[in-house]
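Heads up: the protein sequence lines correspond to chains A and B, in order. Quick note: the first sequence uses our numbering, first residue 271, plus one each step. Quick note: the second sequence uses our numbering, first residue 492, plus one each step. In what follows, a structure is listed as structure tokens, so that the remarks can point back to it.
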Amino acid sequence: MTDTDNTAPTCPHLEPLLALEPEAIRHSERYFAALREATPVAWIEELQCFAITRYDDMMEVLRDPETFSSRMPTGPKAVNDTMTMIQELMIESPEIGEVLSKGLIVASAPVLLNADPPDHDRHRALVNRAFSPPRVRKMEEPIRALAHALVDDFIEKESCEFVSEFSVLFPLTVIAGALGVPDGDLATFKRWSDDFVVAIGNHLLDKDTLKRMLVSQVEFFEYFTEMIEQKRENPGDDLISDVVHATVADEEPLTTMEMLGMFSQFLVAGNETTTKLLASTMLMLTEQPELMAAVRADPSLIPGLVEESLRLHAPVQGLYRVADRDVEVGGVLIPAGSSVWLLYGSGNRDEGEFTQPDSVDLERENSRGHLAFGQGIHYCLGSNLARAEGRIALEVLLERLDDIAVAEDADIEYEISYILRGLRELPLTFSAAR
Amino acid sequence: MRASIDTTKCLANGLCESLAPGVFAVDEEDGLAHVLVDDLAPAHVAGATQSAKLCPTGAINLEES
């Protein structure tokens, strides 16, 4: 950092959101819009970073990985708060110090999401193939069968809690299956996945929760270290075997730590995000009957619906980069060493890029230009899988369920985070389609 | 118009093949996008142009032939 005195305006627009008020989380787009309008590149004191809210400015950052490092993707505040709490925990309960530091090492190994070139490019070269369109096409049939099986389990009740009965189980089962994890371990898998994201965009975290997260990291570490050894000896037709045996000419094979980091990212990214996408899309459909009618009448519009849901309710509302040199963005000097927060949820509603940005347009020409999967070299590795899961789930749900509505007494609440956007639950009523 | 792909940048996310199915395809073996045609038919130009614009890593180049 050359100088803490910077020229970026500071502004109060995000305060309710950063205080994690439920209403502000639900309508985060309003706070983003105010910020985008007033100060598109703004210093946010509470988060010790610059918030970037315009689409074009974000693209510039995302397409310049040489200047902008991914080493702290969830932001400096999350990292500092976590480190402080871990230090306190170590003093309070030294007997668990070993577990804590081991958990921390696994959680922070630079892999894919939080790695920079050349390591990042090496990781991607080794795993891009695993989620390519032809690979995902081969997974479609079992994914569709899974969607039907989950609907079978609740259809006779004519009601369900959509998050726990469908949108959690669906991607969880898909990613666990792809990794080659036995079905019996699904519940443990979900617990790890939940624990790994508790600190993202939530600075109200308590020490017990953090401790649980690190213990989960260690459990995960041990489980997959053993799995890697098994697959080294006896490879199967699964993602873990693919990664363990992946080779690319002139590239170093992955270390065990890199593999563990990768699997932990597959677990979280393959789960939490698609869960949130599906629930947000169902809510959107129940809130807009004409939209529901349109996709029912013409299911070929479903891929467009998935893109619009991603754009309007991106499960990851923004991630961070660190500037490695002094650089100007949107006319504001970003001093070397500063973190920038790229608010994808804001860029996705930037009227400079999307016409009538707050409305759903199923045939939007640049529908796939949204930032829900990021942009640039870190563009979501699982985007093909996510798109296929979204499309297939909606095809099956709309085929099997009629008169879908939110249950009358339901409270619509979002998870407490200013980075992740997801419903806690979504009670639905429906009738079985004949 | 001709299309080419910088395979060092390709991430196999398949945006190109979904936007311009007759022009690009991702190969299962090498996990990279390939151009299927030498010269783009007029009907392919819009999809290819959109692909070049939206490719997350800017791996697609288009030039007049």
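Backbone N, C-alpha and C fix where the C-beta goes; we use that ideal spot for every residue, glycine too. Predicted model only: the values in this text are computed from it and were never measured.
The three-state reading of DSSP puts His-535(B) in helix, counting H, G and I together. In this structure, Arg-341(A) keeps its C-beta atom at 9 Å or more from the C-beta atom of Thr-323(A). Using a Cβ-Cβ cut-off of 9 Å, Leu-553(B) does not count as an interface residue toward chain A, since no Cβ of chain A sits closer than that to its own. By the neighbour-count criterion, in which a residue is buried when 16 or more other Cβ atoms sit within 10 angstroms of its Cβ, Arg-657(A) is buried. Scanning the segment 564-647 of chain A from its first residue to its last, the whole beta strand (DSSP E) runs of 3-plus residues come out as 589-593, 597-599, 602-604 and 609-612.
Nearest to Gln-587(A) by alpha-carbon distance, out of Thr-443(A), Arg-638(A) and Gly-471(A), is Gly-471(A). Taken through DSSP and simplified to helix, strand or coil, Glu-554(B) comes out as strand.
At a beta-carbon threshold of 7 Å, the residues of chain A lying near Leu-502(B) are Arg-394, Asn-398 and Tyr-649, ordered along the chain. For His-525(B), the enclosing beta strand (DSSP E) stretches over residues 524-526. Legend: CB atoms of the segment 660-685 of chain A lying less than 9 Å from CB atoms of chain B are not found in any residue.
Among the residues facing chain B, Glu-635(A) is included, as its CB has a counterpart in that chain under 9 Å away.
For Pro-292(A) and Ala-417(A), the gap between their C-alpha atoms comes out near 31 Å. By alpha-carbon distance to Val-406(A), the top candidate from Glu-519(B), Leu-523(B), His-535(B) and Asp-529(B) is Glu-519(B). Annotated as distal: Cys-430(A) and Ala-539(A), with beta-carbon spacing of 9 Å or more. For Tyr-325(A), the secondary structure class from DSSP, reduced to helix, strand or coil, is helix. Contact between Phe-459(A) and Ala-448(A) does not hold, since their C-beta atoms are separated by about 12 Å, which reaches or exceeds 8 Å. Beta-bridge analysis with DSSP links Val-311(A) to Ile-322(A). Within the DSSP secondary-structure output, Ser-687(A) pairs in no beta bridge. In this structure, Val-381(A) lies near Glu-528(A), with their beta-carbon atoms less than 9 Å apart. Under DSSP, Ala-494(B) forms a beta bridge with Leu-553(B). Each residue's CA atom was taken as its position, placing Arg-704(A) and Arg-670(A) some 8 Å apart.
Residue-level contact by beta carbon fails for Leu-527(B) and chain A, as no gap is shorter than 9 Å.
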